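By this note's numbering, the letter at position 471 of the sequence shown is numbered 479, and the numbering carries on one by one without gaps. Each residue gets a CB set at the ideal place from its N, CA and C atoms; glycine is no exception. This one's a predicted model, so the numbers in the text were calculated from it and none came from an experiment.
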Amino acid sequence: MAIHVEGIVAIVIFYVLILFVGIWAAWKNKNSSVGVDQSERIMVGGRDIGLFVGGFTMTATWVGGGYINGTAEYVYLPDYGLAWAQAPFGYALSLVVGGLFFAKPMRSRGYVTMLDPFQQLYGKRMGGLLFIPALMGEIFWSAAILSALGATLSVIVDININMSVVISALIAIFYTLVGGLYSVAYTDVVQLFCIFLGLWISVPFALSNPAVSDISITAKEVIYQSPWLGKIEPEDKWLWADNFCLLMLGGIPWQVYFQRVLSASSATYAQVLSFLAAFGCLVMAVPSVLIGAIGASTDWNQTSYGSLAPKDKDQSDMILPIVLQHLCPPYISFFGLGAVSAAVMSSADSSILSASSMFARNIYQLAFRQSASDREIVWVMRFTIFVFGALATAMALLTGSVYGLWYLSSDLVYVIIFPQLLSVLFVKGTNTYGSVAGYIFGLLLRIGGGEPYLKLPPFIYYPGWVTQERIHHVTGDVEHFIQQRFPFKTMSMLASFLANVAFSYLTKYLFESGTWSHKYDFLDAVVSKHSQEIMDKATLVSNQDNIILSEMVPVKQVLGASLAGTFINTEVLSDDGASSPEAFHNEN
9 MAIHVEGIVA
19 IVIFYVLILF
29 VGIWAAWKNK
39 NSSVGVDQSE
49 RIMVGGRDIG
59 LFVGGFTMTA
69 TWVGGGYING
79 TAEYVYLPDY
89 GLAWAQAPFG
99 YALSLVVGGL
109 FFAKPMRSRG
119 YVTMLDPFQQ
129 LYGKRMGGLL
139 FIPALMGEIF
149 WSAAILSALG
159 ATLSVIVDIN
169 INMSVVISAL
179 IAIFYTLVGG
189 LYSVAYTDVV
199 QLFCIFLGLW
209 ISVPFALSNP
219 AVSDISITAK
229 EVIYQSPWLG
239 KIEPEDKWLW
249 ADNFCLLMLG
259 GIPWQVYFQR
269 VLSASSATYA
279 QVLSFLAAFG
289 CLVMAVPSVL
299 IGAIGASTDW
309 NQTSYGSLAP
319 KDKDQSDMIL
329 PIVLQHLCPP
339 YISFFGLGAV
349 SAAVMSSADS
359 SILSASSMFA
369 RNIYQLAFRQ
379 SASDREIVWV
389 MRFTIFVFGA
399 LATAMALLTG
409 SVYGLWYLSS
419 DLVYVIIFPQ
429 LLSVLFVKGT
439 NTYGSVAGYI
449 FGLLLRIGGG
459 EPYLKLPPFI
469 YYPGWVTQER
479 IHHVTGDVEH
489 FIQQRFPFKT
499 MSMLASFLAN
509 VAFSYLTKYL
519 FESGTWSHKY
529 DFLDAVVSKH
539 SQEIMDKATL
549 VSNQDNIILS
559 EMVPVKQVLG
569 ASLAGTFINT
579 EVLSDDGASS
589 PEAFHNEN
């Protein structure tokens with residue numbers, strides 16, 4: 009196997025640049041944010057991330073290796089096309105919705121992680137349960153994009169996949185260990201610049217290749233394959249809508265997003281950053297869309313790739329690096345490759361940091377070691393950054409179905425965590441019993457629909473299900489699977505939300521009316537006013553005076569509260585006017 013020296017040099021230059029920026033950011037901000045705990049500085053950057061860096065790092069929430077490769081792949085695929093490339097608009101709208109409704113309440117309450125409000129209202133055990141799908145999403149996402157990186161590098165520079173994945177992961181883990189969110193944020197600026205420049209430099213060369221037809225013609229006419237604009241068949245409209253809602257609403261309850269929100273210098277800044285990032289998502293998708301269209305407009309028989317098109321070799325997922333390699337001059341393709349590598353690291357580093365932040369704070373500190381020192385929390389974070397990074401790397405190398413695992417875990421984030429976040433922020437009176445019921449309902453309804461990528465058969469057959477077949481062109485194998493055309497993911501999410509509200513109010517009524525004895529309130533979610541399980545002694549908001557939950561007004565359970573006020577919880581997490589940590593601090 010030949011090793012392309014120019015490609016190796018290009019990758020080394022990009023990696024050294026990113027590593028340098030990561031270490032420089034850690035050194036630059038080492039003594040900043042005076043008075044802020046080091047653990048909080050690692051998790052949320054001392055809450056002083058400005059507009060410029062914040063805009064880039066918020067955009068990098070979703071713009072990474074999976075985003076640019078996946079967008080190009082769907083535009084290229086004959087049965088899908090641009091009509092099914094939902095990620096750019098879906099994730100852009102998720103940032104808009106997050107900025108409009110979720111960024112301000114989360115940032116103004118001074119939380120450190122996304123799980124803080126869950127643990128405050130539902131208790132540490134429920135927080136631990138909600139940590140599971142959140143962790144799965146982050147780890148599987150990191151593993152999926154590292155796996156994509158290995159495949160990409162092996163296509164262009166003919167280097168060992170395992171070696172490329174391990175080196176990339178080590179670099180991302182190292183600068184995240186050193187600088188935390190500061191390093192992640194500043195490297196995001198460099199990485200997004202590299203992606204934008206690298207792909208835009210490649211597009212004109214690929215378009216002008218003699219083997220490429222006019223993409224404006226292939227958009228609507230069959231030349232080498234179906235038109236790349238694609239279309240949505242009438243029988244697939246509900247499936248399309250279900251996937252779009254998954255991206256738009258399921259893109260909100262991720263720690264990678266709220267890590268950026270909570271690092272903003274103010275609640276208003278957090279909203280502005282979300283809107284800027286939505287625009288950035290759309291802009292960054294344009295070169296990927298064009299590269300996918302170029303792939304669909306190419307006569308591959310005239311290229312060095314070979315007579316069969318990538319789709320006929322089951323390599324559609326690598327259409328972006330294939331276009332870079334075979335339709336661009338070598339020096340351009342290597343520059344684009346460096347951009348793709350940078351994109352992968354911009355996603356992997358933030359996901360690993362997010363997972364370690366939630367574990368160190370919400371599991372280790374708040375659930376097990378409430379008296380842990382700041383130094384102890386920092387070391388736990390550093391250890392888990394390494395562990396979760398190693399776990400994601402191992403999965404990328406050893407698990408063939410890593411994409412299937414990520415698809416399923418991202419569905420669970422949408423079906424379980426989103427309705428819980430909706431309830432905890434905007435619905436009065438939900439409690440731990442409702443939260444558990446919502447969790448179970450969402451989990452069963454989603455798992456019941458099956459997952460073809462994991463070969464997980466359904467045990468719930470929703471209306472409109474059909475049997476489909478997938479042909480593996482290389483081996484000739486035909487695989488049959490069940491496709492659920494009913495929007496069961498969104499239905500599962502709504503069922504989870506309604507179960508949370510219904511069971512919360514049912515248990516509240518049963519206990520407070522005396523129908524059930526108070527001794528059966530084993531979760532202390534309704535009767536007990538100052539429950540240990542609601543973490544009355546756990547520090548959820550860290551500032552100079554360390555306001556603790558026992559000093560905060562508890563969420564009151566008022567018997568006979570009108571149902572009309574249930575969905576108008578303008579004072580988030582409390583029935584009182586002063587509900588934010590800042591308000592209590594000012595009163596004291």
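Using the three-state DSSP reduction, which class does residue i fall into: helix, strand or coil?
i      : result
Ile268 : In the sequence as displayed, the identity of residue 268 is Arg instead of Ile. Residue state, collapsed to three classes: helix.
Leu464 : strand
Val220 : strand
Arg377 : coil
His488 : strand
Val435 : coil
Gln233 : coil
Thr475 : strand
Thr306 : strand
Leu27  : helix
Leu241 : Checking the displayed sequence, the identity of residue 241 turns out to be Glu instead of Leu. Three-state DSSP puts Glu241 in coil, outside helix and strand.
Ile76  : helix
Ile260 : coil
Would you tell me roughly how many angstroms separate the C-alpha atoms of residue i and residue j, rounded to the nearest one?
i      : j      : result
Ala278 : Leu433 : 17 Å
Glu14  : Leu420 : 42 Å
Lys516 : Asp532 : 11 Å
Ser172 : Ala159 : 9 Å
Lys239 : Ile490 : 22 Å
Ala249 : Ala100 : 16 Å
Lys16  : Leu316 : Correcting the residue type first, residue 16 is Ile in the shown sequence and not Lys. The straight-line gap from Cα to Cα measures roughly 28 Å.
Asn551 : Met389 : Residue placement at Asn551 is flagged as unreliable, the pLDDT there being 43, under the threshold of 50; the coordinate-derived value follows with that caveat. So the two alpha carbons sit approximately 19 Å from each other.
Tyr265 : Leu103 : 9 Å
Gln199 : Ala272 : 20 Å
Thr226 : Val83  : 12 Å
Val192 : Val486 : 43 Å
Gly106 : Trp149 : 20 Å
Trp473 : Val211 : 40 Å
Ala18  : Ile209 : 15 Å
Gln233 : Ala304 : 7 Å
Val294 : Ala507 : 41 Å
So is residue i buried or exposed if we call it buried at 16+ other beta carbons inside 10 Å?
i      : result
Gly30  : buried
Tyr528 : exposed
Gly258 : buried
Tyr513 : buried
Gly585 : The predicted model places Gly585 with a pLDDT of 39, which falls under 50 and marks its position as unreliable; any figure quoted below should be read in that light. Counting Cβ neighbours within 10 Å, Gly585 comes out exposed, since fewer than 16 surround it.
Phe22  : buried
Asp45  : buried
Gln476 : exposed
Phe126 : buried
Pro218 : exposed
Nearest CA to the CA of residue i: which residue from the options?
i      : options                           : result
Leu247 : Pro471, Val534, Glu520 and Leu514 : Pro471
Ser365 : Gly74, Tyr23 and Ala142           : Ala142
Ser418 : Tyr130, Ala95, Arg133 and Gly145  : Gly145
Val291 : Ile26, Trp70, Asp485 and Tyr339   : Trp70
Met256 : Pro96, Ala18 and Leu284           : Pro96
Gly300 : Leu237, His488, Ala111 and Leu281 : Leu237
Thr65  : Ala286, Pro235 and Ser216         : Ala286
Phe602 : Thr276, Gly72, Leu502 and Ile393  : Beyond the ends of the chain as shown, which are 9 and 596, falls residue 602; an answer cannot be given.
Thr5   : Ser155, Gly72, Gln128 and His334  : Because the chain is modelled from 9 through 596, residue 5 falls outside the range shown and cannot be assessed.
Leu462 : Leu413, Tyr441, Lys497 and Val269 : Leu413
Val509 : Thr440, Gly187 and Ser116         : Thr440
Mind checking which residues open and close the alpha helix (DSSP H) that includes residue i?
i      : result
Ile203 : Ile169 to Leu215
Gln333 : Ile327 to Leu335
Met122 : Careful: Met122 lies outside any alpha helix (DSSP H) and carries neither H nor E.
Glu520 : Phe496 to Glu520
Gln94  : Per DSSP, Gln94 belongs to no alpha helix (DSSP H) and is neither H nor E.
Lys112 : Ala111 to Ser116
Asp382 : Asp382 to Leu406
Gln323 : It is not in any alpha helix (DSSP H) - Gln323 carries neither H nor E in the DSSP assignment.
Verify the contact flag: residue i, CB atom, against every heavy atom of the ligand GDP, threshold strictly below 8 Å.
i     : result
Gly78 : Because no ligand of any kind appears in the structure shown, any question about the ligand GDP cannot be addressed here.
Using beta carbons (cut-off 9 Å, strictly below), is residue i in contact with chain B?
i      : result
Arg383 : The structure shown contains no chain B, having only a single protein chain.
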